[in-house]
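Residue numbers (our numbering), protein chains in the order written: chain A, 16 to 149; chain B, 25 to 205.
Cβ coordinates follow ideal geometry from the N, Cα and C atoms, glycine included.
Beneath this line is the structure, given in structure tokens, with notes to follow.
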Amino acid sequence: MNEPFEFNQGKPISATTAGVTVAKVGVHLGAEISGVDLRRPLSNEQFKALDDALVEHELIIFRNQDITSENLIEFGRRFGELTVHPFAPNEANAPELIKFRNDEKTPPFGTDVWRPFYAQRKFQPSVVTPCSSA
Amino acid sequence: MFVSMTAAYDGLSDRMQQFISGLEGIHDIKPFRPLFQTSEEDRKKLQQYELMYPPRLHPVVRIHPVSGRKVLFVNPQFTVAINGMDERESRALLDPLFHQALVPEYQYRLHWEPHTIAMWDNRSAQHYAIHDYYPQRRYMERVTIRGGPVTGVPRADPAGIRRLKYVAPAGVDVHGGHKPH
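If you want it as structure tokens, here you go:
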């Protein structure tokens, strides 16, 4: 067994660091983040708060972030180098950006299976950030 | 839908945790084959991907590089067998391990709204895109951040009690994906 996660010991369900509020929403994973605007660059303190929350909660969720594709790419790059998917639909001028446009003409393909991304690769991606658009 | 593979590991019995420690899964893109058509062009494309992404060995129990927590690292999408095990044993072992991701207590189901962003730690969580919206639309954008090599836990059961039968196909980078202890 893993020892109980030390970050969690005696920690309240919601906590604020550097103005970033992390509120636990699931038992084993999931926390909602508020107090940060992803249209603006992250300060080092904000980045640290999000990075810690990601490791501790495994899944972090942001609501009402009306951001552009460029904001998403910039946000992702704050956490590390972005990878290019070999065959997912992506942007010609920004190959690291995958765009899903599932509608009546393009039904979704086999995504209904449990997996991490790219498990067949030698080096594993650490973090994935999809963003729903309006 | 998301699942904590840390919780999935914790939920296994001590005996099972011990047994799977040090085992390696064979991860292959073979299950993606149905995404390609039978045309010559598609078959060539598939061959190219298979050359680019040969099967890899990854530890069945990996260690999260930041938290140090143990994570169950197999999935029904890519894990086709357990290296060094008889094929039937391998299938029989993978079945309950895959099932760990289906335990509702370890999952979180996200309700998407416009302008929702989800960011998950691919080193400890798995995801499942539920097909419950079609023909409604699903528009989203995604970026993926590069990770690093995968570190596993050492073998916990006595060595030499199992006969090696099923081994990785020739050409597999045996310790390519992680540092063996």
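Exercise for the section: Tell me, please, whether the CB atom of ASP52 of chain A is closer than 8 Å to any CB atom in chain B? Expected result: no
Handout entry: Pick from B:LYS54, B:ASN146, B:ALA142 that is closest to PHE97 of chain B, judged by C-alpha positions
Key = The shortest Cα separation from PHE97 of chain B among B:LYS54, B:ASN146, B:ALA142 belongs to B:ASN146.
Exercise for the section: In the DSSP assignment, find the alpha helix (DSSP H) that holds LYS69 of chain B and state where it starts and stops. Expected result: Run containing LYS69 of chain B: 64-76, per the alpha helix (DSSP H) assignment.
Handout entry: Beta-carbon proximity list for THR103 of chain B, same chain, < 6 Å, skipping 5 on both sides
Key = GLY49, HIS51
Handout entry: Below-8 Å beta-carbon distance, VAL37 of chain A vs any chain B residue
Key = no
Practice task
Return no unless some Cβ of chain A is closer than 8 Å to the Cβ of ILE44 of chain B.
Solution key: no
Practice task
Give a yes or no on whether the minimum CB-CB distance between THR32 of chain A and chain B is below 8 Å.
Solution key: no
Handout entry: 8 Å CB neighbourhood of ILE82 of chain A in its chain, flanking five on each side removed
Key = LEU53, ARG54, PHE90, CYS146
Problem - Below-8 Å beta-carbon distance, LYS63 of chain A vs any chain B residue - result: no
Handout entry: Interface flag, PRO110 of chain A vs chain B, CB-CB below 8 Å
Key = no
Problem - Chain-order list of residues whose beta-carbon lies under 6 Å from that of PRO100 of chain B (same chain, five-residue window excluded) - result: PHE122
Exercise for the section: Look up ARG4 of chain A in the DSSP assignment and say whether it is helix, strand or coil. Expected result: Residue 4 of chain A lies beyond the stretch modelled for chain A, which goes from 16 to 149, so this question has no answer here.
Exercise for the section: Please go through the same chain and pick out, in chain order, the residues whose beta-carbon is closer than 6 Å to the beta-carbon of GLU47 of chain A, but skip the five residues on each side of it. Expected result: So the list reads ALA38, VAL40, ILE76, once near-sequence residues are dropped.
Problem - For ALA116 of chain B, the first and last residue of its enclosing alpha helix (DSSP H) - result: 111-123
Practice task
Could you pull out every residue in the same chain whose Cβ sits closer than 7 Å to the Cβ of ALA105 of chain B, ignoring the five residues on either side in sequence?
Solution key: ILE50, GLU111, SER114, TYR190
Handout entry: For SER45 of chain B, the nearest candidate out of B:PRO55, B:ILE53, B:ARG133, B:ASP34 (CA to CA)
Key = B:ASP34
Practice task
State buried or exposed for TYR157 of chain B, treating a residue as buried only when at least 16 other CB atoms are found within 10 Å of its CB.
Solution key: exposed
Practice task
Below 8 Å CB to CB, which residues in the same chain sit around SER148 of chain B once its five sequence neighbours on both sides are set aside?
Solution key: SER28, MET29, THR30, HIS88, SER91, ARG93, VAL95
Problem - Whole-Å CB distance - THR168 of chain B paired with LEU97 of chain A, under 8 Å assumed - result: 6 Å
Problem - Other residues of its chain near GLN150 of chain B: CB distance less than 8 Å, five sequence neighbours each side excluded - result: Spatial neighbours of GLN150 of chain B in its own chain (CB-CB distance under 8 Å, excluding positions within 5 residues in sequence) are listed in chain order as PHE26, VAL27, MET29, ASN99, ALA125.
Problem - Beta-carbon separation (whole angstroms), ASP66 of chain A vs PHE102 of chain A, contact threshold 8 Å - result: Not really, about 30 Å apart at Cβ, beyond 8 Å.
Exercise for the section: Give me the Cα-Cα distance between ALA107 of chain A and MET164 of chain B, rounded to the nearest whole angstrom. Expected result: 16 Å
Exercise for the section: Kindly indicate which three-state DSSP category GLY91 of chain A falls into: helix, strand or coil? Expected result: The answer is helix: DSSP assigns GLY91 of chain A an H, G or I state.
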